[in-house]
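Residue numbers (the working numbering): 95 to 309. Glycine residues also receive a C-beta, built at the ideal position from the N, C-alpha and C atoms.
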């Protein structure tokens, strides 16, 4: 099978970013002061190709550790709302893979935001960008150390947005992430977000896993 338009778009934009970096003159590099982030982050793309394994469908796009590099990357890749059904974007701290089996994710969980199909065109991109800014800006105070990453899932019936944390049993830390996360998304008070542990999700027998907390 050939590459999808999304993959071609990502590859083209990766080349453009590298080209842009390569054409910057030395004096400009010396004058340009970049703003370092507290952590280095990795952006991943998941393509829903049923002919390949889950791991084969997961692809590292790029890594960055400055504010300027984040915006260069964000402005070059396709918006989340334009991804194909079954595709994901994930942003995780360097060294953590966007899968619950990863050692730094295994004992953790995720704050989950469920969005209906109509919100994909109206709200999804704003909510995803705000989530990214929360992560790279360490918006959760001391609890930011427990943040592993975030994922946006494009699905047929309802899209999902989630912030992953390292320890599901640390209630104060989990709530210290969930409350400001909901506030930053400016979601209505009646709109609830839920926290699920990865272990519960992995062992669930039905289509729904039990929420440990809700806000």
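Limits of the unbroken alpha helix (DSSP H) element including residue i
i: residue 164; result: 161-168
i: residue 176; result: Looking at the DSSP string, residue 176 is not in any alpha helix (DSSP H), and its letter there is neither H nor E.
i: residue 278; result: 265-278
Burial state of residue i (16 or more Cβ within 10 Å)
i: residue 223; result: exposed
i: residue 259; result: buried
i: residue 296; result: exposed
i: residue 277; result: exposed
i: residue 120; result: Confidence at residue 120 is low in this model, with a pLDDT of 46, below 50, so the placement of that residue is unreliable and no value is reported for it.
i: residue 165; result: exposed
i: residue 283; result: exposed
i: residue 215; result: exposed
i: residue 252; result: exposed
i: residue 285; result: exposed
i: residue 280; result: exposed
Segment limits, beta strand (DSSP E) that includes residue i
i: residue 134; result: 130-140
i: residue 203; result: 203-210
Residue i in three-state terms, based on DSSP
i: residue 308; result: strand
i: residue 228; result: helix
i: residue 81; result: There is no way to answer for residue 81, as the model of the chain reaches only from 95 to 309.
i: residue 235; result: helix
i: residue 182; result: strand
i: residue 153; result: strand
i: residue 291; result: strand
Check whether residue i and residue j have beta carbons under 8 Å apart
i: residue 148; j: residue 185; result: no
i: residue 267; j: residue 244; result: no
i: residue 270; j: residue 235; result: yes
i: residue 153; j: residue 144; result: no
i: residue 189; j: residue 292; result: no
i: residue 205; j: residue 272; result: yes
Strand pairing of residue i, partner residues [DSSP]
i: residue 286; result: According to DSSP, residue 286 bridges with nothing at all.
i: residue 241; result: 259
i: residue 187; result: 135
i: residue 254; result: 208 and 247
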